[in-house]
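Enquirer: Next up is a structure, given as structure tokens.
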Amino acid sequence: MDDLRWLGETIELSRRCPVSATAFAVGAVVVAGDGTVLATGYSREGDPHDHAEEAALAKIARDDPRLASATVYSSLEPCTTRASRPRGCTELIIAAGVPRVVFAWREPDLFVDCTGAETLREAGVEVVEIPALGAAVREVNAHLFA
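Residue numbers (my numbering): 87 to 232.
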């Protein structure tokens, strides 16, 4: 199943994140409907405040027609609230016109209250959660729960 493959890639990307005591390590891959990788990203990739989905979407032209059939894969549920920036990743995904999001682990309420899956669904985005990979995402972020 491609969803498992791409989520595995997001977990590997999350391992590249600079460690932070105040933010999750997350990886993201944006894949076009034909299976082409449009972009990848990970938390704090270019800036200490970057989120994975934000970093990946920033690498794609806003008018790229492939976004209309793309899937955003994220190791962690896309955020709705941010302490560091005015727009959450769910808002960025909706604004980009991406119709499908797949993630492995629901964001724990460690830093903010997240309703990413619900917000995306309310906007008409198909949301697929694959909790079987959640333990691997939690392991990458184990330092936050020590």
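We treat Cβ as the ideally placed atom computed from N, Cα and C, and that holds for glycine.
Can you tell me which of the three DSSP states Val223 falls into?
Expert: Looking at Val223 - three-state DSSP - the assignment turns out to be helix.
Enquirer: Would DSSP call Ser100 helix, strand or coil?
Expert: Ser100 falls in the helix class under three-state DSSP.
Enquirer: Can you give me the Cβ contacts of His137 inside the same chain, cut-off strictly under 7 Å, excluding the 5 residues immediately before and after it?
Expert: Contacts found: Val112, Ser129, Cys165 and Cys175.
Enquirer: Among the residues of its own chain, which have a CB less than 7 Å from the CB of His135, if the five just before and after it don't count?
Expert: Same-chain partners within the cutoff: Ser170 and Arg171.
Enquirer: If you draw a straight line from the C-alpha of Arg91 to the C-alpha of Leu219, how long is it?
Expert: About 11 Å.
Enquirer: In the DSSP assignment, find the alpha helix (DSSP H) that holds Ala181 and state where it starts and stops.
Expert: Start and end: Cys175 to Ala182.
Enquirer: Is Ser129 helix, strand or coil when you go by DSSP?
Expert: If DSSP states are grouped into helix, strand and coil, Ser129 belongs with coil.
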